[in-house]
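Visitor: The letter at position 59 of the sequence shown is residue 58 when you use numbering that gives the first Met the number 0, and the numbering goes up by one with no holes. There's a structure below that I have some questions on.
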Amino acid sequence: MATKPITSAQGKRTLEALRKIRPFLPASLTITQRKCGNPACRCAKEGPIHETALLTWKDATLTHTLYVPRELRAQVREWIDEWKKLKTLIAEMGDAQRACLQTLKKNRKRSSKLP
0 MATKPITSAQ GKRTLEALRK IRPFLPASLT ITQRKCGNPA CRCAKEGPIH ETALLTWKDA
60 TLTHTLYVPR ELRAQVREWI DEWKKLKTLI AEMGDAQRAC LQTLKKNRKR SSKLP
């Protein structure tokens with residue numbers, strides 16, 4: 000038998016917001032400029048260097064980097080923004096649950112003192 004989740008009004012609002020989270024990506028996107036490495040390219044001599052988007056994330060102790068094509072940059076930014084929203088909501092849910100636990104403890108102490 001499933002039990003009804005115990006949370007505060009703030010916790011219920013946070014859970015509702017969590018249900019609306021779209022796909023997310025825990026990483027960082029940086030736009031840098033660099034030479035491509037092709038000796039015949041304009042960037043190797045004197046022309047402007049190329050803009051490059053790199054996705055970076057940690058896996059245990061290793062840092063990984065992945066090139067992001069220009070046409071996917073906007074989508075990747077949206078995924079990263081959703082990750083930031085998710086982290087904020089997780090912190091809010093933690094705060095709400097700690098407050099709920101404190102209230103439950105206080106109410107339990109009060110009810111145990113009644114004759």
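Cβ coordinates follow ideal geometry from the N, Cα and C atoms, glycine included. Predicted model, so just to flag it, every value in this text is computed and none were measured.
Please list the segments of the alpha helix (DSSP H) lying wholly inside the stretch 21-52, counting only runs of 4 or more residues, in order along the chain.
Guide: Counting whole runs of 4 or more residues, the stretch 21-52 contains the alpha helix (DSSP H) stretches 41-44.
Visitor: So, using beta-carbon positions, are Pro-22 and Trp-78 closer together than 7 Å?
Guide: The count along the sequence shown starts at 1 and reaches residue 22 at position 23. The count along the sequence shown starts at 1 and reaches residue 78 at position 79. Yes, the pair counts as a contact, with Cβ atoms nearer than the cut-off.
Visitor: Would you say Ala-8 faces chain D, with C-beta separation under 7 Å as the test?
Guide: Included in the structure is just one protein chain, with no chain D present.
Visitor: Between the alpha carbons of Lys-44 and Pro-68, how many angstroms are there, rounded?
Guide: For the purposes of this step, residue 44 is taken as the residue at position 45 of the sequence shown. For the purposes of this step, residue 68 is taken as the residue at position 69 of the sequence shown. Distance between the alpha carbons of Lys-44 and Pro-68 is about 24 Å.
Visitor: With distances taken from CA atoms, which of Ala-8, Trp-82, Ala-90 is nearest Leu-28?
Guide: Position 29 of the sequence shown, counting from 1, holds the residue named residue 28. Out of Ala-8, Trp-82, Ala-90, Trp-82 has the C-alpha closest to the C-alpha of Leu-28.
Visitor: Quick one: any contact between the stretch 2-20 and the stretch 96-105, if contact means 3 or more CB pairs under 8 Å?
Guide: Verdict: yes, contact present.
Visitor: May I ask you to report which of helix, strand or coil DSSP gives Leu-113?
Guide: Stepping through the sequence shown from its first residue, residue 113 is reached at position 114. Residue confidence is low: Leu-113 scores 49 on pLDDT, short of 50, so the model does not pin down where it sits. No coordinate-derived value is stated.
Visitor: Counting along the chain, where does the beta strand (DSSP E) carrying Leu-118 start and finish?
Guide: Given a span of 0 to 114 for the chain in the structure shown, any question on residue 118 remains unanswerable.
Visitor: I need the DSSP call for Lys-11, collapsed to helix, strand or coil.
Guide: Numbered from 1 along the sequence shown, position 12 holds the residue referred to as residue 11. Residue state, collapsed to three classes: helix.
Visitor: Using C-beta distances below 7 Å, list every residue in its chain close to Glu-50, excluding the 5 sequence neighbours before and after it, in chain order.
Guide: Numbered from 1 along the sequence shown, position 51 holds the residue referred to as residue 50. Result list for Glu-50: Ile-30, Gln-32, in chain order.
Visitor: Would you tell me roughly how many angstroms separate the C-alpha atoms of Leu-71 and Thr-64, rounded to the nearest one?
Guide: Here residue 71 corresponds to residue number 72 of the sequence shown, with the count starting at 1. Here residue 64 corresponds to residue number 65 of the sequence shown, with the count starting at 1. Computed Cα separation, rounded: 15 Å.
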